[in-house]
Structure formats: C-alpha cells, structure tokens
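Chains as they are written, first to last, in the numbering used here: chain A, 12 to 384; chain B, 12 to 384. Even for Gly, the Cβ is constructed at its ideal location relative to N, Cα and C. Computed from a prediction, not measured in an experiment: that's the story for all the values here.
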C-alpha cells in the first residue's frame, strides 16, 4: 500500500509513505531513485542498529551506495540538543557534504532527532524515514515534524522537514515490546474517534489480530491512519485550524505524562487523555452522551487503559496550564462530537474551552472507573 | 525603495525588503501588519542593543505590542550552538509561545543566529530582520539562510527560514566601523562583476559618496544589490544552478579567511578572493583579458584590497579542498566572462574546474601585485 502525502503549500515536497510487509528489503533501490546522494548516513539507536543496522548498510552498499551507520543510546532522554550536536559533529568528522542523505531508522525519538539533524546539517539535507514502532509509523510518518526536548519542554526546538520517503514495514513490529504496540493502537483509536466511525469499529473488531501482530491487519491499520492524517495535514499545513483535531487526548495526555515524570509512555497517556477529554466533552455538552462507553469498550479490546491513573488531580490540572496550546488560562481541548466526527464550536474552531473545574470533574469521575458522567 | 523577494517554490513566503533612510522608525507599525504576534523578542548583540535597543522596544510598546530585549555578546565567536541554545532557553524561561515573533537587530552574525533561533524555536516562529551593517543589508536580506558555526566549519548547522520583512535603514550605517562598510562594498562589487556592468561602473563613480556614507547613495547601492540577489535566488531557490554565480570570490575568500584564523573579515577576504579568482579565470581562458584591471580599479576606489595578503600559498590552496562546494579534488569557482556577466561552461554549469596549479599561479601573480596574468 502507498499513501501520497501532499505537502501544501510546497507541493514539490510531496512524498510517498510505502506500507508493506517486507518493504525494508527495497530500501536501497527506493532511496537511490527518490533521494539520490553522494553518501548516506543511517542514524539509529543502539537497539535498533543491533537488529537491522548491519543489514541496511549491507543492502545500501550492495547497490553501490556509500553508507555509514551512526548510532546513539536508545531512549527518550537522548532526544536532546547535546545528542543532536554530537551527531552533526560526527557527520562533519566523516566529511559528509551537502549532497548527503540521512536515513532515520527507529521509533519516534529517532525520527525527531535524526530528522532534526537532517533539517539543520548544512542547512538541510534530505531524510528518508524508516519507522520501527507502530506509533512512529502512524503518527510520525506524516507532518514533517522534527525536534528535540529541552528542560523547558518537549520538542521545544525543532523544524518542519518533510522526508523524501517513508518506508513502513509491519514485519519490523514483530520485535516491538507490547507496551509500544499498544501505544500505536491508542493513536489509531484517536484517528477513528475524530475522523472515521468505520475505522474505529474496524479497530475494535480486529483488536485481537492487531495485538497478535498480524502483518495484514497492521498494514491496514497503518495505511488507514496515515491516510487520515495526511488528509488533515494537507488541508491545514500551518496547524492553524482543523489540524487541531489531531490533538484529541493530548491536552490531558501530555499533562499525565509530565505529572508521571514521563514514566507513562506517550501512547498510554494519550489513551487516558482521550477518556478524560471525552468525559469532559460530555459534561460540556459538546460530545454526545454514550461516546465514552464506546471509547472505553474499544480501548479495552486493545488492552489499553480505560481510565487515568492519577495520584494528584490538582497537579494534572495545573500541568495543563503549561500546555503550548493553552494560550490563556483556560485549557482548550480538541473533542469529538460523536465517534467518527470532531466537534467544532459556533465560531468554527476545532478546540473548546475546557474550564479547570470541568476537567477536574472528568478526571475524578473517570479515575474512579465511573462510566456515567 | 522596496524590493519584493519572491520565494519560489513557496510563494506564500514572499516578503518585502524596505530600504529607506529613517525607515527604522516605522518598525512597530510594519511588524504589526506583516508579523502580528502575541509577543516580540528583539535579539541584538550588546553593542547594537546599546545604540538602538531601548528605542526599538519603546516604539514597539508605544503601539501596544509586548516586547522584550534579549542581548548576547557581540562577535563572530558567538555564532555557536551554545549561544543559540541559551537564547532559546531564555525565550522559554520568559514563556514565549508559538505565537511569538523574533526581531533580529544587528549584522550578519545576528541575522544568522537570531534567524536560526526563529527557525527552530517551537519548530519555527516568524522573524523580521533589521540589518545594521551594509554587508547584512545587501547580502543577508535575501535568501533566508540562517545558522551557526561549529569547529568543523562555518554555517555547518542551520536552516532556510524566510523573514516576514526586512527593514534596511541606511542611517544606521553612520555608526558602522569603516572596515565593515568596505566589507559591504566588496559584496556589492561582486554583484556588479557577475550581473550588471552599469551597476559596477556606478559603484566606481560613486565610491567617494558611498565611503562618506551618503544616505541616498547607500540606499541605491542596497536596493541594487538586493534586487540582483533576489532575482538570482528566485530563479534558483535550491542553489542547484545559476545561484552559484553569487559564490564568485568565495572559494578563495573562504580559504583566505580560514587561513588567517578569521582575522580577515569576510568582505575583505571576498575582495581578495575576487582578485585571485579573476586572475585564475583569465589564466583558464574563461575570463576576458583586462577584466582584472577593471576589477582592481574599482576595488581601489572603494578602499578595498587589490591583492591577497597571503603568508602561505600551500595552505590557501589546501584550504580550498575543504570547501563545501569542492565535491571532489579540484576546486570549482564561479567566474565572470567579463565585467557584468557570469561565465557558464559548455555543459551550462556556473562553476568551473580550477586546478590547484592554476589557483597557485593566480595567487602568486596577484599577491606580488602583478596585474598582467
């Protein structure tokens, strides 16, 4: 399967996301045609490099491409300006020039970090993304976001840098830890809730196959989510309008992540965030009654949390104030009107004022496991 | 005067360069209309901030805009990832959000450094450039290049980030050190040599007025160079073809700069580089005989060096090998065919193989002050 990502307003930067079991074997031929370069730098965390690094380098060299493997320590803690600087210094020490290409091979951290290296090395060199986690395949493949974290916030510095090509090979997910598989499912559920009822239902029906890593089911899941996200991003390249629907679950999700000291993974936190935000949406009258029950049912089938695990309601509510999207005091959440459709307000905006007392009530109701709000 | 910079392939990023004595006083009104933001951060080196910082902040606040002044130590040595990181940390500490705008107020270092801050803070915020040196007005106003230096090279990391607006006020040049004024003139001479004979002649005729900082003459100079550069950049946004003509003087200029330990300013080094490269062009038969004499005559009228100051020919030649543009062993130079016209080779390329022995002969002939090569 293949999804064409149209990158308005710069259509020349449009690219393909190719999704197919076994497609990693085509990497060398494909980069040669869409990202011809003098030299290739494959950037991967140590664990991914141990699994796939040697094979990728061998394949590239086998077709005559000059390729080097650059590794870094795995983990979200490596997504820093220091590691970014070190990788660019290593490229310079290896005398990579402007006619180089970066191949980012790993999960979301790698895509963001190696993508930011590509965005900034000699003012930008092409990048090919080879996501190795489900979350990276469905979320990071589209949008061109790159960046690193600072102590002041996640992705505080970064750039938009569209890849030349994304190769998503569901066979790579065989080695993915369970928690990371579920994190990707949470993001797919988000797309279903906000964009397509049939897709939402399909995830519920095929949850067992997806959790068993059936390649055909995962291929359909990735292709569906990538296509939804590509359509939303193409219609709103500057994140000024409808693209905000993709933030569903993230206002509370980010707050829960931060409040846990990042012990919660992003996807798990987003699942919890969706539950709380839908509860808040129902309290506000924005979201149809009964939506929370349907969401919880599919989350359970996907082995995802059906309630927030919070220790301090006050801290979570306070953390939402630091959210980038909260321009003033009241947090704004992207909310569904019902399963499969995002809600806009009377002014046509895709986020909704969510007073802290409503969030607190939603948190309290859902953290206790109550379904009726 | 106003030059519209068309930024293909992303026409929505097109912007104006406004060139007029006294235009700085219009900054607040103009940024309000072309770069509306919640908050403005004026980034300037300490020396520029001392001259203009308080006035700019006062003007912005007078029309109701929220503005803060962020300063850094002056000097090329500050154009680093460390200072970039510090500036972004200060923006974060001051809680600047995505709806902020950077106003870069200073010379080339400031434009590059503050531009890179703008390019990367929260994945990019708008930037308005207020160049305060002649070189920055005529060279950095067009092209959207931002970046910082590393030990491995100048501008080794950076990004393309088009400004929303450039305000070039020749009155600011009253306080510019002589050496920096001449550095800007060198860049303007480069445009004349490669692009327009009448402009070249005009610089020679008006050199005295330009050196005396006559505002009307400087306005014409800046407007001319900006218009030439904008036309070249618009026709070749990705620097794959004709834009290379702007590198005239830079292959040798960069090598001389590096070999001097950056004791030579960029503009002075480029003047010397033009002399050597034209001599090489004549030796190669690419450049018409007599071109060197005309170049030297105008450089002298502009109080610019008419020969390279070199201590080691071998080191200069070796340094050209490290040039980004030298893809293989032989350096490639952008050369004029005659004054006012760049030379392309039979394959339509705008740079020319310049063997090291030819460069060495050109260096030797010109450093001795010989005019006939």
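Beta-carbon neighbours of residue i, restricted to chain A and to distances below 9 Å
i	result
residue 158/B	131, 133, 134
residue 161/B	96, 99, 100, 103
Contacts of residue i in chain B (Cβ-Cβ under 7 Å)
i	result
residue 119/A	Within chain B, no residue comes near residue 119/A; the closest Cβ sits about 15 Å away, beyond 7 Å.
residue 256/A	Within chain B, no residue comes near residue 256/A; the closest Cβ sits about 18 Å away, beyond 7 Å.
Cross-chain neighbours of residue i in chain B, by beta carbon under 8 Å
i	result
residue 81/A	The premise fails here: residue 81/A is roughly 15 Å from chain B at the closest Cβ pair, so nothing lies under 8 Å.
For residue i: DSSP bridge partner residues
i	result
residue 112/B	51/B
residue 289/B	Per DSSP, none; premise fails for residue 289/B.
residue 16/B	26/B
residue 347/A	353/A
residue 364/B	343/B
residue 165/B	DSSP lists no partner for residue 165/B.
residue 132/B	168/A
residue 176/A	27/A, 139/A
residue 6/B	Since the first residue of chain B shown is 12 and the last is 384, residue 6/B is not available in this structure.
residue 126/A	Residue 126/A pairs with nothing; no bridge assigned.
residue 117/A	142/A
residue 159/B	168/B
residue 302/B	Paired residue(s): none; residue 302/B is not in a bridge.
residue 91/B	160/B
Neighbouring residues, chain B, relative to residue i (Cβ below 9 Å)
i	result
residue 171/A	134, 135
Cutoff 8 Å: residue i Cβ touching any chain B Cβ
i	result
residue 331/A	no
residue 168/A	yes
residue 383/A	At residue 383/A, the pLDDT of 47 sits below 50, so the modelled position is not reliable; the number obtained from the coordinates is stated separately. No, no contact with chain B.
residue 189/A	no
Minimum Cβ-Cβ distance from residue i to chain A less than 8 Å
i	result
residue 204/B	no
residue 338/B	Note that residue 338/B scores 49 on pLDDT, short of 50, meaning its location in the model is unreliable and no value can be drawn from it.
residue 164/B	yes
residue 287/B	no
8 Å Cβ cutoff, residue i in contact with chain E
i	result
residue 151/B	In the structure shown, chain E cannot be found, because the protein chains are A and B.
>> If contact is defined by three or more beta carbon pairs under 8 Å, each pair taking one atom from either stretch, is the region 23 to 41 of chain B in contact with the region 257 to 276 of chain B?
In response: no
> For the region 86 to 114 of chain A, which residues have a CB atom closer than 8 Å to at least one CB atom of chain B, in sequence order?
Replying inline: Listed by position along the chain: 92, 96, 99, 100, 103, 104, 108, 109, 110.
>> Closer than 8 Å is the cut-off here; do at least three beta carbon pairs connect the region 149 to 158 of chain A with the region 125 to 136 of chain A?
In response: yes
> In chain order, what residues of the region 214 to 243 of chain A put their CB closer than 8 Å to some CB of chain B?
Replying inline: none
>> Using 8 Å as the cut-off, can you tell me whether the region 230 to 237 of chain A makes contact with the region 313 to 328 of chain A, which would need three or more C-beta pairs spanning the two stretches below that distance?
In response: Below 8 Å, too few C-beta pairs join the region 230 to 237 of chain A and the region 313 to 328 of chain A to call them touching: fewer than three.
> Below 8 Å, can you find three or more Cβ-Cβ pairs linking the region 281 to 293 of chain B to the region 362 to 374 of chain B?
Replying inline: Judged by Cβ distances under 8 Å, the region 281 to 293 of chain B makes contact with the region 362 to 374 of chain B, as three or more pairs qualify.
> Should the region 138 to 148 of chain B be called in touch with the region 82 to 100 of chain A, which here means at least 3 C-beta pairs below 8 Å?
Replying inline: no
> Between the region 95 to 113 of chain A and the region 40 to 60 of chain A, do at least 3 Cβ pairs fall closer than 8 Å?
Replying inline: yes
> If you pair each beta-carbon of the region 130 to 137 of chain A with each one of the region 166 to 177 of chain B, do three or more pairs fall below 8 Å?
Replying inline: Contact holds between the region 130 to 137 of chain A and the region 166 to 177 of chain B, because three or more Cβ pairs, one in each stretch, are under 8 Å apart.
>> Pairs of beta-carbons, one from the region 294 to 313 of chain B and one from the region 253 to 262 of chain B, closer than 8 Å: are there three or more?
In response: no
>> Using a Cβ distance threshold of 8 Å, determine whether the region 209 to 223 of chain B contacts the region 171 to 179 of chain B, with at least three qualifying pairs required.
In response: no
>> Could you check whether the region 208 to 222 of chain B touches the region 65 to 72 of chain B, counting it as contact only if at least three pairs of C-beta atoms, one from each stretch, sit closer than 8 Å?
In response: Counting C-beta pairs with one atom in each stretch, the region 208 to 222 of chain B and the region 65 to 72 of chain B have fewer than three that are closer than 8 Å, which means they do not touch.
>> Closer than 8 Å is the cut-off here; do at least three beta carbon pairs connect the region 291 to 307 of chain B with the region 341 to 352 of chain B?
In response: Cβ pair count under 8 Å is three or more, so yes.
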